[in-house]
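Below is one structure, written out as structure tokens; comments come after it.
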Amino acid sequence: MKKRVFLAAGVAVLSAAVLVACSSGNGNKEATKEATKQATKQATKPVTYAYVFSSDPVTLDYTVSGNVGTKQITGNVIDGLLENDQYGNLVPSVAEDWTVSKDGLTYTYKIRQGVKWYTNEGEEYGEVKAQDFVTGLKHAADKKSQALYLVQDSIKGLDDYVNGKTTDFSTVGVKATDDYTVVYTLNHPESFWNSKTTMGVLAPVSGDFLASKGDDFGKSTDVTSILYNGPYLLKGLTSKSSIEMTKNQNYWDKQNVFIDDIKLSFFDGQDADSLGRGFDEGHYPAAPLFKNSANYERLKEKYKDNIVYGQQRGGVFYMSTNIDRVSYNHTAKTSDVEKSSTKKALLNKDFRQALAFAADRKAAVSQVFGDEVAPRKLRTSFTPPTFVQVGDQSFGQVTKIELDKLDNVWKDVSLDDAQDSLHNVDKAKAKFESAKKTLQADGVQFPIHLDLPVSSTQTDFIHQAQSYKQSIEEALGSENVVVDIQQVSDDELGNMTVLATSNNNVDWDINVNSGWSPDYADPSTYLDVFDPTSGPSLLGSLGVAPGTDNPAIKTVGLDKYKGLIDDANSEKTDLQKRYSKYAKAQAWLTDSALVIPVHSDGAQMLVTKKVLGSGADGWIGDKTGDNSYKYLKLQDKIVTSKEMDEFRKKFADEKGKSNADYQKNLDRHIQD
4 MKKRVFLAAG VAVLSAAVLV ACSSGNGNKE ATKEATKQAT KQATKPVTYA YVFSSDPVTL
64 DYTVSGNVGT KQITGNVIDG LLENDQYGNL VPSVAEDWTV SKDGLTYTYK IRQGVKWYTN
124 EGEEYGEVKA QDFVTGLKHA ADKKSQALYL VQDSIKGLDD YVNGKTTDFS TVGVKATDDY
184 TVVYTLNHPE SFWNSKTTMG VLAPVSGDFL ASKGDDFGKS TDVTSILYNG PYLLKGLTSK
244 SSIEMTKNQN YWDKQNVFID DIKLSFFDGQ DADSLGRGFD EGHYPAAPLF KNSANYERLK
304 EKYKDNIVYG QQRGGVFYMS TNIDRVSYNH TAKTSDVEKS STKKALLNKD FRQALAFAAD
364 RKAAVSQVFG DEVAPRKLRT SFTPPTFVQV GDQSFGQVTK IELDKLDNVW KDVSLDDAQD
424 SLHNVDKAKA KFESAKKTLQ ADGVQFPIHL DLPVSSTQTD FIHQAQSYKQ SIEEALGSEN
484 VVVDIQQVSD DELGNMTVLA TSNNNVDWDI NVNSGWSPDY ADPSTYLDVF DPTSGPSLLG
544 SLGVAPGTDN PAIKTVGLDK YKGLIDDANS EKTDLQKRYS KYAKAQAWLT DSALVIPVHS
604 DGAQMLVTKK VLGSGADGWI GDKTGDNSYK YLKLQDKIVT SKEMDEFRKK FADEKGKSNA
664 DYQKNLDRHI QD
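For the sequence shown, my numbering gives the first residue as 4, with consecutive numbering after it.
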């Protein structure tokens, strides 16, 4: 259940580097002319996309794995039922059309005839049939897929099958009624169900091929261990070295594949300057520029008219608090009293709020991304404020109304993106003094020592940790709070945070190395991750295993939070009511300061040769974002900042109209 959890040091650089504007602007005439020119050239000259990757796939079994290392490959070689278009709308892929029953419980997909399975050598294996989607889900359930949480409570009978209450998969609500029709029956209406079909857990698997491979299906480095029905074929994979993909010449939608070869080299993050050099030397089609890199000033001057900034995206990186630490292998604490004092402090909401107001997020983010970029990346709400609309208000606007009811301290704090109204030393001091009175009465010893882990190999992130230490200690006083930076290996950092298997691994007090990205188009995709009974981020972010009766859960009020998200989730049909209830849950999460949002992914300073708008838009699914190459186009000319500004103005209108038209046309899919 770690699919969309990610480690800051591992992906912050790469996720920012690849996309400029993941959308396709038909109104941009210059981009269209350039794309036509490039398409003509492509007919005689193959186009190669070269860049880097930072995470090996644990497996190639796309129905089972939720890891970024797997999805960066399988999202390009496997097609599911639907995918995103240039405006972020869900459009047909393997399913050429679909219908929804009036009660919202039955989704029927018509499979496109002629879509084929291929080996990695491009040899035809067989046709993709409706039964392959049934096989894929059964395989995911049998193998206890990391992504089962997406669908286990959604599809009728699936939870009973997964938990062993039934061993007959035919009782599960997925049926192939003929070779080209697959039907899903849900437990309750989900307006966002279709957005889940872009995920690997619902992707097809050939039953014959699966049987022939057995336990070797999806073997991590074996490019022959899966079949391919997507735009690319995986030709080579060497751990911590290279990934090579080539265009599937028999792909059903090959006219929308403009890059012939993908060549990725392993990047350990230690030399961020190599990305800018790679672009400057003509090796990479796009690259971020970092203020701490050796070539930053030279490249910034050279490309001063070509500096552009990516848009903020759905991923959120955050500071989290360990509310039940039991392991102290990496600590500056020298006594049990210090350990006890820190634990009591982190269980105190006033103390956590003091940290939220004391931490200078902009200064810290600047250490990695630069002064120009940091303000553009800041995020103050764990759920992005524009993620959904609640009538004529944004989700953030409704959340703010609820937040102001909880504590006057939030009155002048904006939840909008790309602003910094959270850092406030006066508020930090006031909240700390309130906490200190309570804690002193409980025998707490000051200063409170907070262990903060950071990768020992990532210099910029060490500087970031030092920035947090400075701002917190200056605001609260080092006689009151001391941040002790603990440098650990990359593997240790992952195992202590996003890959933690028990609270014995969660060996820190505060952590700024984790992030979360959405799975589907509903606020629950963010807010359910801290569900005390099942939340996939609960352990790695708060040090408490989900589903336990750990007293810390009640102490910090997560039982009340559970009631809020359950109430929101119980509203299945009225989306405005549902979103309003989730806004109330988001307000509680913000007020609790258990997790303190810091910045989004995207919004990076870039130079690029990507055709503006090419690529699939959207924050959801395995086939959008930084690692998706279908629809992507390259050009010889470097994009100018003027071109980007003009493009965005035009595209915003196009996207708004397209999204509105899409919503209006959803009614045609409802069965009479």
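Ideal Cβ placement from N, Cα and C applies to all residues, glycine included.
Burial state of residue i, where buried means 16 or more other Cβ atoms lie within 10 Å
i, result
"Ile673", "exposed"
"Thr62", "buried"
"Asn483", "buried"
"Pro60", "buried"
"Thr111", "buried"
"Gln370", "buried"
"Leu189", "buried"
"Ala444", "exposed"
"Thr386", "buried"
"Ser338", "exposed"
"Leu230", "buried"
"Asn166", "exposed"
"Asp274", "exposed"
"Glu284", "exposed"
"Gln116", "exposed"
"Glu477", "exposed"
"Gly408", "Reading the sequence as shown, one finds Lys at residue 408 and not Gly. Exposed, by the Cβ-count rule."
"Lys626", "buried"
"Ala214", "exposed"
"Glu304", "exposed"
Anticipated Cβ contact below 8 Å, residue i with residue j, distance rounded
i, j, result
"Met608", "Gly373", "6 Å"
"Phe398", "Phe56", "Not a contact, Cβ separation roughly 33 Å."
"Ala571", "Ala588", "6 Å"
"Lys575", "Pro192", "5 Å"
"Arg328", "His602", "Incorrect: roughly 25 Å between the Cβ atoms, too far for contact."
"Val208", "Asp135", "6 Å"
"Val67", "Lys141", "Contact doesn't hold; Cβ gap of about 12 Å is too wide."
"Pro549", "Asp534", "7 Å"
"Ser517", "Thr500", "5 Å"
"Thr138", "Gly210", "4 Å"
"Ser323", "Asn514", "5 Å"
"Ala206", "Gly83", "5 Å"
"Ala596", "Arg316", "Actually they do not touch by this definition, with Cβ atoms about 24 Å apart."
"Arg379", "Tyr312", "6 Å"
Neighbourhood of residue i by C-beta, 7 Å cutoff - its chain only, sequence neighbours within 5 removed
i, result
"Asn197", "Leu85 and Leu93"
"Arg280", "Asn298"
"Thr551", "none"
"Lys403", "Leu418"
"Asp410", "Asp594"
"Asn506", "Asp327, Val329, Leu542, Gly546, Val547 and Ala548"
"Ser384", "Gly399, Thr402, Leu418, Gln589, Thr593 and Pro600"
"Gln666", "none"
Contacting residues, own chain, Cβ-Cβ under 6 Å from residue i (five flanking each side not counted)
i, result
"Leu161", "Gln155 and Val175"
"Lys294", "Gly373"
"Phe261", "Lys636"
"Asp423", "Lys365 and Leu381"
"Phe435", "Ala357 and Leu479"
"Arg2", "Residue coverage of the chain in this structure runs from 4 to 675, which leaves residue 2 outside it and unanswerable."
"Val103", "Tyr110, His672 and Ile673"
Cβ shell of residue i (< 8 Å), same chain only, five flanking positions each side left out
i, result
"Ile641", "Tyr306, Asn309, Val610, Thr611 and Lys612"
"Thr558", "Ile326 and Leu350"
"Glu127", "Lys119, Trp120, Tyr121 and Asn253"
"Tyr52", "Ile262, Asp264, Ile265, Lys266, Pro288, Tyr632, Leu635 and Leu637"
"Lys660", "none"
Min CB distance residue i to chain C below 8 Å
i, result
"Gln490", "You won't find chain C in this structure, because it holds only one protein chain."
Exercise. Quick check: the segment 476-490 against the segment 324-344, are there 3 or more CB pairs under 8 Å?
Worked result: yes
For this session: Answer yes if the segment 623-643 comes into contact with the segment 73-86, meaning at least three C-beta pairs across the two stretches below 8 Å, and no otherwise.
Result: Touching, yes.
Exercise. Can you list, in chain order, the stretches of the beta strand (DSSP E) that have 3 or more residues and sit fully within the segment 167-209?
Worked result: 177-181 and 184-188
Problem set entry | Segment contact flag, the segment 429-442 with the segment 352-363, C-beta cutoff 8 Å, min 3 pairs | yes
Exercise. Which residue spans inside the segment 506-556 form an unbroken alpha helix (DSSP H) run of at least 4?
Worked result: Counting only runs of 4+ residues, the alpha helix (DSSP H) found wholly inside the segment 506-556 occupies 527-530 and 541-545, in chain order.
For this session: Write down every uninterrupted run of the alpha helix (DSSP H) in the segment 125-158 whose length is 4 residues or greater and which is fully enclosed by it, in chain order.
Result: 133-145
Problem set entry | Inter-stretch contact (C-beta, 8 Å, three-pair minimum) for the segment 519-530 and the segment 461-474 | no
Exercise. In chain order, which alpha helix (DSSP H) runs of at least 4 residues are fully inside the segment 270-339?
Worked result: Scanning the segment 270-339 for uninterrupted alpha helix (DSSP H) segments of 4 residues or longer gives 276-283 and 299-305, listed from N- to C-terminal end.
Problem set entry | Segment contact flag, the segment 639-657 with the segment 611-628, C-beta cutoff 8 Å, min 3 pairs | yes
Problem set entry | Contact the segment 445-458 vs the segment 509-519: 3+ CB pairs below 8 Å | The segment 445-458 makes contact with the segment 509-519, as at least three CB pairs between them are under 8 Å.
Problem set entry | Within the segment 549-628, ranges of the alpha helix (DSSP H) (whole runs, at least 4 residues) | 554-558, 561-573 and 578-595
Exercise. If we count Cβ pairs, one from each stretch, closer than 8 Å, do we get three or more for the segment 237-245 versus the segment 144-155?
Worked result: no
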